[in-house]
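So for the sequence shown, the working numbering puts the first residue at 3; every next one is plus one. Think of the CB as a built atom: it goes at the ideal place given N, C-alpha and C, for glycine as much as any other residue. What follows is a single structure, written as structure tokens, with notes after it.
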Amino acid sequence: MKILGVESSCDETGLAVYDTDAGLLAHAIHSQVAMHAEYGGVVPELASRDHIRRVIPLTRGVMQQAGLALADLDAIAYTQGPGLSGALLVGASFANALAAALAIPSIGIHHLEGHLLSPLLANPKPEFPFVALLVSGGHTQLMRVDGVGRYELLGETVDDAAGEAFDKTAQLLGLGYPGGPALSKLADTGQAYRFKLPRPMLNSGDLDFSFSGLKTAVLTLSKKEDESARADIAAAFQVAVVEVLTSKCIAALKQSGLRRLVVAGGVGANRALRERLNAETAQRHFEVFYPPLELCTDNGAMIAFAGALRLNADQPAADGRFGVRPRWALSELTAPV
Ligand code: KG4
Ligand code: ZN
């Protein structure tokens, strides 16, 4: 089965072709980062308009890269939510129109399920069950994953998401938008232990997180220090986030009795986080899995892949009607039977 995946939930247009026999055949992403940068964040209306401009050329590109004609496709998967409603509507309308024209099924995919299952696109890939750390711009969650659609929430952030904390802290340090990669680059040049920032909820005894206080602590510190301390502040922030995330992952593995950890979402691209997780899991004979680096942030491959898994498990495709779900909790998903 060959599936086209369409991702348009936020500021990246992602297209991909996944083949259930041969694996990922092609994927392409257009990031709108440069367009939104001058506004300091994503402007939803501009995002929608740009998705419209990009989706057809990107589709042509991945079909060509895969060496396929549209008639070779067996199904189309698209991000149905959560995300920006206008942006989601572009992908959903395109996917459903193309599926109707080709007389093939379409299937709406939960964006976070895409992230959650994306480590299965790597080699080696984890077997179910596993603990998943989902760390993106909008979410920070620990889940127990027993199979497709079988997700149990173990803990989550009570305020900001980890990616959001990276972005807001980067803005405080004058690094622009989106801040995660820039902050992490600056942090790698600084000393992590010159300043000591709080480790929020490190010893809370549960698997929840809190990151908004950390941002305030950075604000206070950066007002006290001058420009030359920026890299050390960035490093102190990064190590605080990394320590909390790592410690809660280890606690989740211990509590659940599982041995495999899967890390997904944009913050999963963070080098310091990967190094720490690798070291701490190895020490305890746990295993850790990541998606391929370029599939950590938003992309069409994870959507095509999640669509393939659900269709393969006989989940019925959409019935020609479609809608988007800008707010959609992962806990509402069910396993295909
Ligand atoms: O998963 P994603 O692409 O989009 C959402 O669904 O949110 O995640 C984007 C988030 C942003 O907050 C971005 O700053 C963060 O991931 N991010 C990083 C890194 N790369 C992306 N944060 C820290 N270090 C990175 N290297
Ligand atoms: Zn995402």
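DSSP on Phe-132, reduced to helix/strand/coil? Residue numbering aside, residue 132 sits at position 130 when the sequence shown is read from its first letter. The answer is strand: DSSP assigns Phe-132 an E or B state.
When you compare the CB positions of Glu-115 and Tyr-80, do they come within less than 9 Å of one another, or not? In the sequence shown, the residue the question calls residue 115 occupies position 113. In the sequence shown, the residue the question calls residue 80 occupies position 78. Not a contact, by the Cβ cut-off of 9 Å.
Quick one: residues in its chain with C-beta nearer than 7 Å to the C-beta of Ala-236, no 5 flanking neighbours on either side, listed in chain order? Here the question's residue 236 lines up with position 234 in the sequence shown. Same-chain partners within the cutoff: Leu-175, Leu-185, Leu-188, Ala-189, Gly-192.
Which residues, in chain order, sit with a beta-carbon under 5 Å away from any heavy atom of the ligand ZN? Ser-138, Asp-300
Roughly how many angstroms separate the alpha carbons of Asp-321 and Phe-130, rounded to a whole number? In the sequence shown, the residue the question calls residue 321 occupies position 319. In the sequence shown, the residue the question calls residue 130 occupies position 128. Cα to Cα, the separation comes out at about 30 Å.
Assuming Thr-142 and Lys-217 form a contact by the criterion Cβ under 8 Å, report the distance between their Cβ atoms to the nearest whole angstrom. For the purposes of this step, residue 142 is identified with residue 140 of the sequence shown, where counting begins at 1. For the purposes of this step, residue 217 is identified with residue 215 of the sequence shown, where counting begins at 1. With 8 Å as the limit, Thr-142 and Lys-217 do not qualify as a contact, their Cβ atoms being about 14 Å apart.
Specify whether the segment 240–256 and the segment 278–287 touch according to this definition: at least 3 beta carbon pairs, one from each stretch, less than 8 Å apart. Judged by Cβ distances under 8 Å, the segment 240–256 makes contact with the segment 278–287, as three or more pairs qualify.
The ligand KG4 heavy atoms versus the CB of Ala-163: any closer than 8 Å? In the sequence shown, residue 163 corresponds to position 161, counting from 1. Ala-163 Cβ: within cutoff of the ligand KG4.
For the beta strand (DSSP E) holding Leu-144, just list the boundary residues, first then last. Against the sequence shown, residue 144 aligns to sequence position 142. For Leu-144, the enclosing beta strand (DSSP E) has its first and last residue at 142–149.
In chain order, what residues of the same chain lie with their CB nearer than 6 Å to the CB of Glu-14, ignoring the 5 residues before and after it? Your numbering for residue 14 matches position 12 in the sequence shown. Residues of the same chain with a CB within less than 6 Å of the CB of Glu-14, apart from the 5 flanking positions on each side, are Ile-31, Ser-33, Asp-300 in chain order.
Taking only heavy atoms of the ligand KG4 into account, decide whether any of them is closer than 8 Å to the Cβ of Ser-11. Here the question's residue 11 lines up with position 9 in the sequence shown. Flag set: Cβ of Ser-11 near the ligand KG4.
Identify every residue that forms a DSSP beta bridge with Tyr-153. Here residue 153 refers to the residue found at position 151 of the sequence shown. Per DSSP, Val-147.
At the level of alpha carbons, what is the spacing between Ser-214 and Asp-162? The residue labelled residue 214 in the question sits at position 212 within the sequence shown. The residue labelled residue 162 in the question sits at position 160 within the sequence shown. Distance between the alpha carbons of Ser-214 and Asp-162: 5 Å.
Would you check if there are 3 or more beta carbon pairs closer than 8 Å linking the segment 222–231 to the segment 262–269? no
Check whether the segment 249–259 and the segment 204–212 touch, using three or more Cβ-Cβ pairs below 8 Å as the test. yes
Continuous alpha helix (DSSP H) stretch holding Glu-282: start and end: Taking the first residue of the sequence shown as 1, we reach residue 282 at position 280. Counting along the chain, the alpha helix (DSSP H) containing Glu-282 begins and ends at 273–285.
Tell me whether Gly-182 sits in a helix, a strand or coil according to DSSP, three-state version. Along the sequence shown, read from residue 1 onward, the residue named residue 182 stands at position 180. Gly-182 falls in the helix class under three-state DSSP.
Closer than 8 Å to a non-hydrogen atom of the ligand KG4 - does that hold for the CB of Phe-213? Translated into positions along the sequence shown, residue 213 becomes position 211. Phe-213 Cβ: outside cutoff for every heavy atom of the ligand KG4.
Looking at the structure shown, is Ile-5 part of a helix, part of a strand, or coil, going by DSSP? Counted from its first residue, the sequence shown places residue 5 at position 3. Of the three classes helix, strand and coil, the one that applies to Ile-5 here is strand, per DSSP.
Spatial distance of Leu-314 from Arg-327 (CA atoms): Here residue 314 is taken as the residue at index 312 of the sequence shown, counted from 1. Here residue 327 is taken as the residue at index 325 of the sequence shown, counted from 1. The sequence shown places Asn at residue 314, rather than the Leu named in the question. Rounded to the nearest angstrom, the two C-alpha atoms are 23 Å apart.
Would you kindly work out how many angstroms separate the C-alpha atoms of Gly-165 and Arg-323, rounded to a whole number? Within the sequence shown, residue 165 is the residue found at index 163, counting from 1. Within the sequence shown, residue 323 is the residue found at index 321, counting from 1. Answer to the nearest angstrom: the Cα atoms are 34 Å apart.
What span of residues does the alpha helix (DSSP H) with Ala-315 cover, start to end? For the purposes of this step, residue 315 is taken as the residue at position 313 of the sequence shown. Premise fails: Ala-315 is in no alpha helix (DSSP H) and is neither H nor E.
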